[in-house]
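Report on one structure; see the data block that follows.
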Amino acid sequence: FSICRVPGPRPVCGSYDRYGDLKTACDAVPGFSWVDHGATGRGGCYAKGGPSRQEDGHQDCIARAVAAGSGWRGGLAVMNDREESNALFNTNVQGWAGNSQYWFALTQLPGSAEPAGGWTNYGGCPSVLQTWSSGEPNDANGEDCTHSYTTGLWNDLNCNTEKEYVCEFQLDACQSDSDGDLILDECEVPGYEHNPDISAGLDGAPTPDLGEADPADVICDDRDNDGECDDTDAFPDDPT
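Numbering (this note's numbering), first residue to last: 1 to 240.
Below you can see the structure in the form of structure tokens.
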């Protein structure tokens, strides 16, 4: 139960608006804050907490989502692009989180090659973005967890260190894989949820941008090609 789950059976998004509907829901929950990702038209639902160890912060984020009611889930924030990292942490750009350093979801898998191997996110989202500060990660003191600087750049740190942290919250409604590339929409490089050729790969590296435009935002079955989803079409096999 976290910001991303291992791919498996899940509901289809339907007409769900990944950003618009989430913002409306986020604004209605006390303690949750909607943060725009610069001028991208995207954003996310967040809250601050701590100080604590990274894992303890993640568990608190999960508990906050449960307390918010049915349909919410959460975990430490996952950075999907530089705009999101800057919007939360870079005080020279936007820096919603303020003048401090924060744990977020990036952690190093046990047994990974040091210092750069095996960085992934709690809950299974591939690490699409890595914006380390100069000379980082360096595993200087058994450092397998990641926190932000106020520049928006990152540093690895011992996981037992207590720091403030940023939670991210999502709605169960977007548990979908619209383009069938085995990457949940919320784990995709934003904007490419509907193109199987442009995604965050299972190894954490974005696959090449082949110059293909994303298809229209239609993610339901329409067997008779009449423009109406089968689940609402009284005659799903009759185009007339």
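Where a beta carbon is used, it is the ideal one built from N, C-alpha and C, also for glycine.
Predicted model only: the values in this text are computed from it and were never measured.
Name, in chain order, the residues that DSSP records as bridge partners for residue i.
i	result
G74	F169
A47	C167
W96	In the DSSP output, where bridge partners are listed per residue, W96 has none listed.
Y102	E164
T120	T107
Could you spell out where the alpha helix (DSSP H) holding residue i opens and where it closes?
i	result
L88	82-89
E143	Taken as a continuous stretch (DSSP letters only), E143 belongs to no alpha helix (DSSP H), being part of the beta strand (DSSP E) at 143-148.
D139	Element bounds for D139: n/a, residue is neither H nor E.
A65	54-68
Which residue wins for smallest C-alpha separation from residue i, given the options the options?
i	options	result
E55	W154, T131, A140, L106	L106
V66	V29, A77, N92	V29
G95	H37, D60, D21	H37
R53	G111, F104, A234, V35	F104
A140	N121, F169, P115, N86	P115
A251	F235, D237, A97, D144	Residue 251 lies beyond the range of the chain shown here (1 to 240); nothing can be said about it.
G44	K23, N138, P51	K23
G152	W34, G98, R64, A68	G98
G27	S85, F169, M79	First, the residue type needs correcting, since residue 27 is Asp and not Gly in the sequence shown. Nearest C-alpha to D27: F169.
Spatial neighbours of residue i within its chain, please: CB distance less than 6 angstroms, with the 5 preceding and 5 following residues excluded, ordered by chain position.
i	result
T40	E83
A47	G31, F32, C167
S100	E164
H58	G75, L76, Y122
W132	W154
P51	E162, K163, E164
By Cβ distance, which residues of its chain are closer than 7 angstroms to residue i, with the 5 residues on each side in sequence left out?
i	result
Y102	F89, H147, S148, K163, E164, Y165, V166
W119	L106, Q108, S127, Q130
D238	D224
P208	With a pLDDT of 30 at P208, under the threshold of 50, the modelled position of that residue is not reliable, and no figure is offered here.
T91	N99, T150
Got a sec, what are the start and stop residues for the beta strand (DSSP E) residue i sits in?
i	result
D156	154-158
D36	33-36
Please state the DSSP three-state secondary structure of residue i.
i	result
Q108	strand
K23	helix
E212	Since pLDDT at E212 reaches only 31, below the 50 mark, its modelled position is unreliable, and the value read off the structure follows with that caveat. E212: coil per DSSP, three-state reduction.
A234	coil
D217	Only weak support exists for where D217 lies, its pLDDT of 36 falling under 50; the value from the coordinates is given anyway. DSSP places D217 in coil when its eight states are reduced to three.
Considering only residues of the same chain and omitting the five flanking positions on each side of residue i, which have a CB-CB separation below 8 angstroms?
i	result
N158	N141, G142, E143, D144, C145
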